[in-house]
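J.: With the numbering used here, letter number 107 in the sequence shown gets 108, and the count goes up by one each step, no holes.
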Amino acid sequence: MFVFSELQGSSLNKLVEAFEPVAIQHPPPTDTQTNTTADANADADADADATSDGAIKISNDGEYQIQEEGDKQHFYIVHDGQVQILVDGVKVAEAKKGDCFGEQALLHQPTRINTTLKAADARGASLLRLDQQSFRGILQSHATQTMEAKRAILQKLDFLKPLFKQDDQLLNRLISLMVRRDFVNEEEIETDEEKSFIVVDKGILKLSNASGSLKLTLESGDYFGERALLGTLPKKATGKVTMKGASSEGGILYSMDRGEVELVLGQDRLQQLYDLNTLVRTLTAMMLDL
2 MFVFSELQGS
12 SLNKLVEAFE
22 PVAIQHPPPT
32 DTQTNTTADA
42 NADADADADA
52 TSDGAIKISN
62 DGEYQIQEEG
72 DKQHFYIVHD
82 GQVQILVDGV
92 KVAEAKKGDC
102 FGEQALLHQP
112 TRINTTLKAA
122 DARGASLLRL
132 DQQSFRGILQ
142 SHATQTMEAK
152 RAILQKLDFL
162 KPLFKQDDQL
172 LNRLISLMVR
182 RDFVNEEEIE
192 TDEEKSFIVV
202 DKGILKLSNA
212 SGSLKLTLES
222 GDYFGERALL
232 GTLPKKATGK
242 VTMKGASSEG
252 GILYSMDRGE
262 VELVLGQDRL
272 QQLYDLNTLV
282 RTLTAMMLDL
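1) Given a cut-off of 8 Å on the beta-carbon distance, is the pair L219 and L230 in contact?
2) State the DSSP-derived secondary structure class of F20, mapped to helix, strand or coil.
3) Considering only the beta carbon of each residue, do L118 and I25 sit closer than 8 Å?
4) Count the other C-beta atoms from every protein chain shown that fall within 10 angstroms of the C-beta of S53, then say buried if there are 16 or more, exposed otherwise.
5) Go ahead and label G213 buried or exposed: buried means 16 or more other beta carbons lie within 10 angstroms of its beta carbon, across all protein chains shown.
6) Can you give me the C-alpha to C-alpha distance between Q134 and L87, rounded to a whole angstrom?
7) Pick out whichever of E227, R137, V93 and K98 has its Cα sitting closest to the Cα of K196.
8) Measure the beta-carbon distance from R130 to E21 and round it to whole angstroms, keeping in mind my assumption that it falls under 8 Å.
9) Pull up the DSSP beta-bridge partners for G252, would you.
10) Can you give me the Cβ contacts of E69 inside the same chain, cut-off strictly under 6 Å, excluding the 5 residues immediately before and after it?
11) Assuming R174 and L264 are in contact, meaning their beta carbons sit under 8 Å apart, how far apart are those beta carbons, in whole angstroms?
12) Determine whether the beta carbon atoms of G251 and G222 lie at a separation below 8 Å.
13) Return the CA-CA distance between T35 and G82, expressed in angstroms with no decimal places.
14) From L164 to L155, what distance separates their C-alpha atoms?
15) How long is the line joining the alpha carbons of V17 and V281, rounded to whole angstroms?
16) By the three-class DSSP mapping on this structure, what secondary structure does A123 have?
17) Going by alpha carbons, who is nearest to V180 out of Q85, K15 and E261?
18) To the nearest angstrom, report how far apart A123 and M257 are at their CA atoms.
19) Around the C-beta of L8, are 16 or more other C-beta atoms found within 10 angstroms, so that it is buried, or is it exposed?
20) Along the chain, where does the beta strand (DSSP E) containing A96 start, and where does it finish?
21) Can you tell me which of D202, F160 and D169 puts its alpha carbon nearest to the alpha carbon of R182?
22) Which partner residues does T116 have in the DSSP bridge list?
23) Once you ignore the five residues that flank V185 on each side, which residues in its own chain have a CB closer than 6 Å to its CB?
24) Put M257 into one of helix, strand or coil per three-state DSSP.
25) Which residues in the same chain as D46 place their Cβ atom closer than 8 Å to its Cβ, once the five residues preceding and following it in sequence are excluded?
26) For the segment 139 to 165, which segments carrying the beta strand (DSSP E) assignment without a break, of at least 3 residues, lie completely within its bounds, in sequence order?
27) Can you give the Cα-Cα distance for L158 and Q146, rounded to whole angstroms?
28) Residues in the same chain with beta-carbon distance under 7 Å from G99, minus the five sequence neighbours each way, listed in chain order, please.
See below:
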C-alpha cells in the first residue's frame, strides 16, 4: 500500500496498533419483507429509537452504518464482509474483504463530502480504520528515526568524514539521496561501481564479478562503489558487480545513485570538495615537516 510503503520495523508496528476495529451490522428485515404483524410492530418500536436518517445505534456489536463527515474521516481496510459506500445518499462503490479506501483522508485536509458506509448483506462487515492525526504522527516519528539512522551511517565513512566537518548541509543533502533496500539470504542484486554507492547497514553481502577479479565480503558499516561519488579515484576493472545476501536473517543496505548526487549537488561537486580537502591536508602536512 503506497502510503505505508516506507514504514519499517517499530514504525510499522505502531501503525498496526493505531488501526481501530469497527463493525457494521446489517439492518433487520422490515415488515414488508416479513409480511407479519409482529414484525411490523417491532419495526415501529425500532423507528422510535432511530436517528433522523434511520441509523440505529447498537452498543458493543456495532452500528447499522458509519457516517464520515467534517474532520472525522478515516482510511479503511475491509477485514470481513462487504461494504457499500454512499456519498450524499447515493451509492458510488462497494468494497469487499481485503479492499481499502479513504487514502485521501490521510494525505489531505478532510473534505465536506458526506460519506456513509453500510453493510452490503446480512452478514454485516468488520473494518479497520486509521485517522489522519495518528498516521501523520507515526510518519513524522519514522522520518526522524530514518534521518538519524542514515546520518549515523554516513558519518562513519572515512573518506567523507572531513567533508562533513566543514559542511553539515552537504551531509543532509546526501542523506536525502540514500535509498533503503532490504535483502534476504541468497538474494542477488546487480550494481555498478561507477554508478552506485552501496553501504551495508545490517547483514552480510558477498560481492563478485564475471571475470573473477573481485571477491569481497561486506558487513555492517562496510561500503563499496566510492567511484560513484568520487569519480577520479583510480580506475578498477571490476565491471558489473553481483551482490549476494549471505546471512540467514537477511539485511539492509543503502544506496546512492551518481546521477542523483550530481543532480542535487552539481556535477563533480563532491569530487571538488574532496580534492580541496585533500590538498589542504597535504599542504598542512608539508608545512609541519618544514
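All C-beta atoms in this analysis are idealised placements derived from N, C-alpha and C, irrespective of residue type, glycine included. Source: prediction; values computed, not measured.
T.: Looking at the atomic coordinates:
1) What you label residue 219 is simply residue 218 of the sequence shown in a count that begins at 1. What you label residue 230 is simply residue 229 of the sequence shown in a count that begins at 1. No, Cβ-Cβ distance for L219 and L230 is not below 8 Å.
2) Working through the sequence shown from its first residue, we reach residue 20 at position 19. Looking at F20 - three-state DSSP - the assignment turns out to be coil, as it is neither helix nor strand.
3) By one-based count along the sequence shown, residue 118 stands at place 117. By one-based count along the sequence shown, residue 25 stands at place 24. Against a cut-off of 8 Å, the Cβ pair of I25 and L118 comes out as a contact.
4) By 1-based counting over the sequence shown, the position of residue 53 is 52. A caution first: S53 carries a pLDDT of 31, below 50, which makes its placement in the model unreliable, though a value can still be read off. Looking at its Cβ environment, which holds fewer than 16 other Cβ atoms inside 10 Å, S53 is exposed.
5) Along the sequence shown, one-based indexing puts residue 213 at 212. It counts as exposed.
6) Sequence index remark: in the sequence shown, residue 134 carries index 133 (1-based). Sequence index remark: in the sequence shown, residue 87 carries index 86 (1-based). Each residue's alpha carbon lies about 24 Å from the other.
7) On the sequence shown, residue 196 is found 195 positions in, with the first residue counted as 1. It is E227.
8) Taking the first residue of the sequence shown as position 1, residue 130 is located at position 129. Taking the first residue of the sequence shown as position 1, residue 21 is located at position 20. R130 to E21, Cβ: 5 Å. Contact.
9) The sequence position of residue 252 within the sequence shown is 251, counting from 1. G252 is bridged to F184.
10) Mapped onto the sequence shown, residue 69 falls at position 68. Around E69: T116.
11) Within the sequence shown, numbered from 1, the residue matching residue 174 stands at position 173. Within the sequence shown, numbered from 1, the residue matching residue 264 stands at position 263. Contact flag wrong, Cβ pair sits at about 11 Å.
12) The sequence position of residue 251 within the sequence shown is 250, counting from 1. The sequence position of residue 222 within the sequence shown is 221, counting from 1. No. Outside cutoff.
13) Numbered from 1 along the sequence shown, position 34 holds the residue referred to as residue 35. Numbered from 1 along the sequence shown, position 81 holds the residue referred to as residue 82. With a pLDDT of 45 at T35, under the threshold of 50, the modelled position of this residue cannot be trusted, and the question is left open.
14) Within the sequence shown, residue 164 is the residue found at index 163, counting from 1. Within the sequence shown, residue 155 is the residue found at index 154, counting from 1. In a straight line, the C-alpha of L164 is about 11 Å away from that of L155.
15) Numbered from 1 along the sequence shown, position 16 holds the residue referred to as residue 17. Numbered from 1 along the sequence shown, position 280 holds the residue referred to as residue 281. Those two C-alpha atoms are separated by around 52 Å.
16) Within the sequence shown, residue 123 is the residue found at index 122, counting from 1. Of the three classes helix, strand and coil, the one that applies to A123 here is coil, per DSSP.
17) In the sequence shown, residue 180 corresponds to position 179, counting from 1. Comparing Cα positions, the closest option is E261.
18) Here residue 123 corresponds to residue number 122 of the sequence shown, with the count starting at 1. Here residue 257 corresponds to residue number 256 of the sequence shown, with the count starting at 1. Spanning the two alpha carbons is a distance of roughly 54 Å.
19) As a position in the sequence shown, residue 8 is number 7, starting the count at 1. Classification of L8: buried, given that the 10 Å Cβ count is 16 or more.
20) Here the question's residue 96 lines up with position 95 in the sequence shown. It spans V91 to K97 - the beta strand (DSSP E) in which A96 sits, taken as one unbroken run.
21) The sequence position of residue 182 within the sequence shown is 181, counting from 1. Checked all of D202, F160 and D169; the closest Cα to R182 is D202.
22) Position 115 of the sequence shown holds residue 116. In the DSSP output, where bridge partners are listed per residue, T116 has E69 and V88.
23) For the purposes of this step, residue 185 is identified with residue 184 of the sequence shown, where counting begins at 1. Result list for V185: G246 and G251, in chain order.
24) For this step, residue 257 is matched to residue 256 along the sequence shown. M257: strand per DSSP, three-state reduction.
25) Locating residue 46 in the sequence shown gives position 45, counting from the first residue. With a pLDDT of only 43 at D46, under the threshold of 50, the placement of this residue in the model should not be trusted, and no figure is reported.
26) none
27) Taking the sequence shown and counting its residues from 1, the one referred to as residue 158 is at position 157. Taking the sequence shown and counting its residues from 1, the one referred to as residue 146 is at position 145. About 19 Å.
28) Residue mapping note: residue 99 aligns to position 98 of the sequence shown, counting from 1. Within the same chain, G99 has close Cβ partners V79.
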